[in-house]
Every structure is written in structure tokens, then in C-alpha cells.
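K.L.:
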Amino acid sequence: MLLFASLAERAGTRRLEVPVGEGETVRDIRDRVVARFPQLAPAVPTLMYALNEEYAREDAAVAAGSTLALIPPVSGG
Amino acid sequence: MLLFASLAERAGTRRLEVPVGEGETVRDIRDRVVARFPQLAPAVPTLMYALNEEYAREDAAVAAGSTLALIPPVSGG
Amino acid sequence: MLIRVTDAPLSAEEAAWAVASPAAGAVNIFLGVVRNTNRGRAVSHLVYDAYPSMAEKEMRAIAEEATARFGLEGCAVLHRTGRLEIGETSLVVAVSCGHRRESYEAGLWIVNEVKRRVPVWKKEVWEDGEEWIEGPESLGMQQAPASMRP
Amino acid sequence: MLIRVTDAPLSAEEAAWAVASPAAGAVNIFLGVVRNTNRGRAVSHLVYDAYPSMAEKEMRAIAEEATARFGLEGCAVLHRTGRLEIGETSLVVAVSCGHRRESYEAGLWIVNEVKRRVPVWKKEVWEDGEEWIEGPESLGMQQAPASMRP
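Protein chains in written order, with this note's numbering: chain A, 1 to 77; chain B, 78 to 154; chain C, 155 to 304; chain D, 305 to 454.
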């Protein structure tokens, strides 16, 4: 799991290894991470997600070995 | 009188000294020049004029010593 | 097509060269620059974070879509990361095509798409604090800064 | 404000520096470039003529009007004259201002005004002939080349 910007600062890390159970979705993995880092909870309503560098929905299935990223609202440019 | 682009090529010069009578207008001066360089006549319908570096109408009065320029449709950029 | 996320300074000139084409009559180059104020507050500097591999993927997708949509001859999208001082360039978008109107339309379309969907984030640093900006500036005052939200 | 009619090569980088301002978040630079075809015909090169003193006066008036109208921080308008080869830059219009949308709108407005009222003319030279173009390209095929007129 990759964290950026405010999320990385709140969690104190940019990268986490998270175990993935069979049939689990983006939402399941996110909830597991938020349970461990409750300081991320306020950001959840505005989050988007990327699975292997493509935007993905909360209900997308996550295969073991995938790269999931939490994407706060972007502000580049 | 200043000539540019196709007009300068047709007349074979970029600059003419033209006498100016009292009360004469841009149109009067232009007609005098076209009489001397009839090869300019086909361009007259699309011409604009500049008097001392400002766009001017055909009926503007021309004082002695002024700089009059014949301005074909511009095509810069 | 030149696509890059980098922590090195960006150059308008490099982007102009990258989009050069004998069939192009118009080149348009946009520079996003760090300004000294935002929302009425004095800015000290910015810090940009990015998901570089995905950002480059999105930037390339945007450039390809713009190329098809506006008939571009060339396209370059460069985004800088790290600490940027006032006056430094964070984003370069350059396009080339046949005529001027399309070059302006394509450029603005790309900049808007970059701000909408490329995973890059900026932190504003003021003399007395700092804050990650969430969401594109285009939302303007519709979106309150995170510090002002409940 | 940088205004210039010159027979020396034009540089995007010089224009970018000329419009730099700590209050500017957006810089937009347009380059008009000599392309290898026009109206379906292969172009060898172009020759630009100008009424330099009046052209600079008009360019300055346009830049001042744009500055007031779009709230620009900086503005540069440069036009080259003489013989230009394919790929060379004939016109540079650079603006800086607070935000991107205005930078694109102001830039296009200035380029259109330059083509409409600045006394500069181009001659297209082909392998087998040449012709002074009369009137802005924006008229496109509405205006036939002089050689096709009665």
C-alpha cells in the first residue's frame, strides 16, 4: 500500500505491506489500514484509489502482490 | 509616403517624397501616387492608411511633413 | 511525446524543442509557476509530492487523448516535485499543431486534465504554518482548505 | 513589457524571463512558426516585411489593452522580419498572470489582435513562385490568394 502527501505525513510512512485475503476488495484493505492508523480515518470520504497505477473503485478485487495506493484529492499543476 | 510588401515590389521603391497642397487629404495624396504608379491601382480597394504611424481614414487631412503609409491587408504572425 | 515527473528544474526551451515539427505553425507553452500568494495568504514556498510512475502514465494518457482530439503534431507534459521557491516552474505543458486556436484550446484542456487526474499534491508553506492542498485550485473558494473544515 | 520588431531570431526563453513576476501563477507563451505547407501547397520559406516603428506602436497598444483587460502581470510581443526558414519562429506572445485560464485567453486575444492590426506582411515562397499574402490567415479560404482574384 502506498501513501502520499497528507496521508503519508499522518501515518508516518509512505509504504506498507498489507496481507490480502482471497476475494478481498480495495475497501477491505483500506479498512484494515485505517484500523491500524486511525489518524487516516478523516481522509476516507474524499479518497480515490489506484490499483497497479490505474484508478480503481472501492469494490475492485485485489489480487495478492498488487500495488494499492490511497489517492487524496490531487492538487498538482 | 511609405510603401510595403507587394506595393513596394510593384512600385520598385519603399519611399517616395510627395508634395502636399493645402487642405489635401489622404485620398488626394494616394491618387497622386497611383497616377504616377498605375501598377498600384488594383490594390487600392483593399488599402488602409497610416498617418504618422496611426491608422487614418481616407478623408483625413495631411499636413506638410507628415508620413503617410499605404497599408495593404496585414498578414503577420 | 515528452512526459516526465522529475525533481530537477523544468525548462520551457526543452519543451519547445520537444514539440518542434515542420508541419506545426503554432506552438503553445504553459508554465505553472509558484506565486507569492494564494487565497490572500503570503506563500513561503511549495512542496510537491507525487506518485511518479502513475503520474507519468496519466500524463501520457492525457497527451495521447489530446493528440487525437486536437490533431497535435507534438506534446510535452512535465511536472516537477520536491521543494519549489516562488517563481519556480512546477508544470510545463507544450503543444504544437497547425494553427493557433487549436494550440490554445489543446494546451488549456491538457492543463485542466493534469490538475484533475494526475496524482500530484502540493503543500503550501507559510511563515507560520503549512498545509497539504487537497483538490484542484479550479474549485477555488468552493472548497475550503482542510484546516477550515469541521 | 517587452515589445520588439527585429530581424534576429526570437527566443521563447527570453520572453518567459521578460514576463516573470512573483505574483504570476501562470505563464503562457505562443510561438508562431513557419510550417512546411499552407493551403495544401509546399512552402520553401517566408519573407516578412514590416513597418517597424508603427508595428511596435500597435504591439505596445495591444499589450497595454490586454494588460488592463485580463489583469496581466507581464506581457511580451516579439515579431521577426526578413527571411525565415521552415521551423523558425516569426511571432512570440508571452503573458503572465494569476491563473491559467486568463493566461490562455489573454494570449489568444493578443495573437488575434496582432494578426488583425499590426502592419506586418508575409510573402510565401514556393519552389516555383512566390506571393505576398494579404489578410490574416484566420480568413482562411474565405479569401482567395491574390493570384486567384480577377
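The beta-carbon is built from N, C-alpha and C at its ideal position, and this holds for glycine as well. No experiment lies behind these values; they were computed from the predicted model shown.
Decide if the stretch 222-242 of chain C is in contact with the stretch 136-147 of chain B; the criterion is three or more beta carbon pairs, one per stretch, under 8 angstroms apart.
P.N.:
The stretch 222-242 of chain C is not in contact with the stretch 136-147 of chain B.
K.L.:
Taking only three categories from DSSP, how would you classify G378/D?
P.N.:
strand
K.L.:
Just how far apart, CA to CA, sit S301/C and E288/C?
P.N.:
Model confidence at S301/C stands at a pLDDT of 37, short of 50, so the residue's coordinates are unreliable; what they give is reported in the following sentence. Taking the straight line from one Cα to the other gives about 11 angstroms.
K.L.:
Check whether the stretch 30-47 of chain A and the stretch 243-261 of chain C are in contact - that is, three or more C-beta pairs closer than 8 angstroms.
P.N.:
no
K.L.:
In angstroms, rounded to a whole number, what distance separates the CA positions of P176/C and E227/C?
P.N.:
9 angstroms
K.L.:
Report the partner residues of M48/A according to the DSSP bridge assignment.
P.N.:
The beta-bridge partner set that DSSP reports for M48/A consists of I71/A.
K.L.:
Give a yes or no on contact between the stretch 341-348 of chain D and the stretch 262-281 of chain C, applying the rule of three or more CB pairs nearer than 8 angstroms.
P.N.:
no
K.L.:
Name, please, each residue of chain C whose Cβ falls closer than 7 angstroms to the Cβ of I29/A.
P.N.:
Correct list: empty, because the minimum Cβ distance to chain C is about 17 angstroms.
K.L.:
In three-state terms, what does DSSP make of R384/D?
P.N.:
strand
K.L.:
Against chain B, does G336/D count as a neighbour if the rule is that its beta carbon must be under 8 angstroms from one of theirs?
P.N.:
Taking Cβ atoms only, chain B reaches closer than 8 angstroms to G336/D, which makes this a yes.
K.L.:
Under 8 angstroms between the Cβ atoms of V337/D and A169/C?
P.N.:
no
K.L.:
Could you list which residues in chain C have their beta carbon closer than 8 angstroms to that of T13/A, in chain order?
P.N.:
Ordered by position in chain C, no residue passes the 8 angstroms Cβ test against T13/A, which lies about 13 angstroms from the chain.
K.L.:
Between which two residues does the alpha helix (DSSP H) carrying A60/A extend?
P.N.:
It is not in any alpha helix (DSSP H) - A60/A carries neither H nor E in the DSSP assignment.
K.L.:
For the candidate residues A120/B, V97/B, L79/B and A138/B, whose alpha-carbon lies nearest to that of P149/B?
P.N.:
A120/B
K.L.:
Please tell me whether L47/A has its Cβ less than 8 angstroms away from any Cβ of chain C.
P.N.:
no
K.L.:
Quick one: Cα of T235/C to Cα of E285/C, how far?
P.N.:
Between the alpha carbons of T235/C and E285/C lies a gap of roughly 16 angstroms.
K.L.:
With a threshold of 8 angstroms between beta carbons, is V268/C in contact with chain D?
P.N.:
no
K.L.:
Taking 8 angstroms as the cut-off, decide whether the C-beta atoms of I307/D and V396/D are in contact.
P.N.:
no
K.L.:
Below 8 angstroms on the Cβ atoms is my contact criterion, and I expect P356/D with V309/D to pass it. Report the Cβ-Cβ distance as a whole number of Å.
P.N.:
4 angstroms
K.L.:
By the criterion of Cβ-Cβ separation under 9 angstroms, what are the contact partners of G142/B in chain D?
P.N.:
Those within 9 angstroms of G142/B in chain D number zero; the least Cβ separation is about 16 angstroms.
K.L.:
Give the straight-line distance between the Cα atoms of D311/D and D105/B, rounded to the nearest whole angstrom.
P.N.:
Between D311/D and D105/B, the C-alpha separation is close to 34 angstroms.
K.L.:
Which residue comes first and which comes last in the beta strand (DSSP E) that contains E332/D?
P.N.:
For the sequence presented, residue 332/D should be read as Asn rather than Glu. Per DSSP, N332/D belongs to the beta strand (DSSP E) from A330 to V337.
K.L.:
If you check the beta carbons only, do A359/D and H383/D fall under 8 angstroms apart?
P.N.:
In this structure, A359/D lies near H383/D, with their beta-carbon atoms less than 8 angstroms apart.
K.L.:
What is the rounded straight-line gap between the Cα of A322/D and the Cα of A5/A?
P.N.:
34 angstroms
K.L.:
With H, G and I counted as helix, E and B as strand and the rest as coil, what does DSSP make of A354/D?
P.N.:
strand
K.L.:
One question on the structure: do A140/B and V103/B come within less than 8 angstroms of each other, judged by their Cβ atoms?
P.N.:
no
K.L.:
Run through DSSP, which three-state label would E438/D get?
P.N.:
coil
K.L.:
Taking only beta-carbon positions, decide if E135/B is within less than 8 angstroms of chain D.
P.N.:
no
K.L.:
Which one of E167/C, A204/C, A178/C and R189/C has the shortest CA to CA distance from V279/C?
P.N.:
R189/C
K.L.:
Which chain B residues sit within Cβ distance under 7 angstroms of R421/D?
P.N.:
Those are V151, listed as they occur along chain B.
K.L.:
Between the stretch 396-407 of chain D and chain C, which residues of the former have a C-beta closer than 8 angstroms to a C-beta of the latter?
P.N.:
Cβ proximity to chain C below 8 angstroms picks out S400, G402, H403, R404, R405 and S407 from the stretch 396-407 of chain D.
K.L.:
Among residues of its own chain, excluding the 5 on either side of G21/A, which ones have a beta-carbon nearer than 6 angstroms to its beta-carbon?
P.N.:
none
K.L.:
Compare the beta carbon distance of T393/D and L335/D with 8 angstroms and say whether it is the shorter of the two.
P.N.:
yes
K.L.:
Cβ of D282/C less than 8 angstroms from any chain A Cβ?
P.N.:
no
K.L.:
Starting from E24/A, find everything on chain C with Cβ-Cβ shorter than 7 angstroms and list it in chain order.
P.N.:
Simply none; closest approach about 21 angstroms.
K.L.:
Please list the residues of the stretch 197-213 of chain C that have a C-beta atom closer than 8 angstroms to any C-beta atom in chain A, keeping them in chain order.
P.N.:
Y202, D203, A204, Y205, S207, M208, A209 and K211
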